[in-house]
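Novice: Residue numbers (full-length UniProt numbering): 1 to 42.
Structure incoming, see below.
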């Protein structure tokens, strides 16, 4: 994840937050993998 690029794009588009709706996106963006992610796979 290129945090610098993400923040720049957010600023350019007037965004103050990201909404990450899947465990995979949360893991990719933040590096945090929850217990539930491993437990409840598709």
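Built from N, CA and C at the ideal position, the CB exists for glycine as well.
State the CB to CB distance for the pair residue 15 and residue 29, rounded to an integer number of angstroms; the pair is presumed to be in contact (CB under 8 Å).
Specialist: Here residue 15 refers to the residue found at position 15 of the chain shown. Here residue 29 refers to the residue found at position 29 of the chain shown. Wrong, their Cβ atoms sit about 14 Å apart, outside the cutoff.
Novice: So the alpha helix (DSSP H) residue 25 belongs to, where does it begin and stop?
Specialist: Here residue 25 refers to the residue found at position 25 of the chain shown. Per DSSP, residue 25 belongs to the alpha helix (DSSP H) from 23–30.
Novice: Within the continuous alpha helix (DSSP H) that includes residue 9, where are the two ends?
Specialist: Here the question's residue 9 lines up with position 9 in the chain shown. Where residue 9 is concerned, the enclosing alpha helix (DSSP H) stretches over 3–12.
Novice: Expressed to the nearest angstrom, what Euclidean distance is found between the alpha-carbon atoms of residue 23 and residue 32?
Specialist: Translated into positions along the chain shown, residue 23 becomes position 23. Translated into positions along the chain shown, residue 32 becomes position 32. Distance between the alpha carbons of residue 23 and residue 32 is about 9 Å.
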